């Protein structure tokens, strides 16, 4: 049987989701916990891989197991086993061919900015003192929806086969005491959101114009875009699947 695990984590202590040979990852700890509890050798396949230090409020991974499981009990025992910065929300039975990565319809990220020093956001948001022109930043963000090839925002030397992404929305909003950039797409390239945010912040401080963003995208050259912002402000907030997967009653 195939199971989907819905979970979240605060990424500061981890070298991203994916297992690394010489660094601690979320995947490693979750697989070790599941394998210990189920006395099996189970691999998790996630909806994507977040970089070192990036957080996830809503992430999914799937695994296969030959027996019916008490999912409420397993959720409770996993949470007791895992450290406090990783939490299991729910485990679903899904169709046997459901895939956490390939069946995801879209993903949403948020990036948090604070403009006043705040100790409670030290590890949770990027602090920028410089005044920002949010209107210009939103004009530049809207330009992203006009394009599909985002090689200019991709990490160098990556092994992806295509740089095409369908960005469905991208907007800056003031939410209480922070400025939040929310972006939704069918897929994202490695480092893409952090590079986009760095570029839009350059627009916000007047270093470039919204029209310059068009030139950057057309260049397909990472060197023309802004610097990547720190990982600590980035959150994966939603992964959307067809209702036939998470509402499966098999």
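In the numbering used here, the protein residues as written are 24 to 273. Built from N, CA and C at the ideal position, the CB exists for glycine as well. Predicted, not measured: the structure shown is a model, and the values here were computed from it.
- In chain order, each beta strand (DSSP E) run of at least 3 residues that lies wholly inside the segment 42-100: 78-87
- Message: Please determine whether the Cβ atom of residue 93 lies at a distance below 7 angstroms from any heavy atom of the ligand FAD.
- Response: Absence of the ligand FAD from the depicted structure is noted, as is the absence of any ligand whatsoever, leaving it without description.
- Return helix, strand or coil for residue 254, following the three-state DSSP convention. helix
- Who are the near neighbours of residue 152 in its chain, counting only those whose CB is closer than 7 angstroms to its CB and skipping five residues on each side? 138
- Let me know if residue 107 comes out buried or exposed under the rule of 16 or more other beta-carbons within 10 Å of its beta-carbon. exposed
- Query: Going straight from the alpha carbon of residue 240 to that of residue 172, what length do you get?
  - Reply: Taking the straight line joining both Cα atoms gives about 7 angstroms.
- Output yes or no for whether 8 angstroms exceeds the beta carbon distance between residue 59 and residue 104. It is a contact, given that the beta carbons lie within the stated cut-off.
- Query: Shortest alpha-carbon distance to residue 254 belongs to which of 147, 156 and 170?
  - Reply: 147
- Item | Anticipated Cβ contact below 8 angstroms, residue 80 with residue 207, distance rounded | Contact doesn't hold; Cβ gap of about 14 angstroms is too wide.
- Taking the C-alpha atoms as reference points, what is the distance between residue 89 and residue 72? 26 angstroms
- Helix, strand or coil: which one does DSSP assign to residue 211? coil
- Message: What would DSSP say about residue 192, mapped onto helix, strand or coil?
- Response: strand
- Taking 8 angstroms as the cut-off, decide whether the C-beta atoms of residue 69 and residue 50 are in contact. yes
- C-beta atoms of residue 86 and residue 269 nearer than 8 angstroms: no
- Item | Length of the line joining the Cα atoms of residue 64 and residue 99 | 20 angstroms
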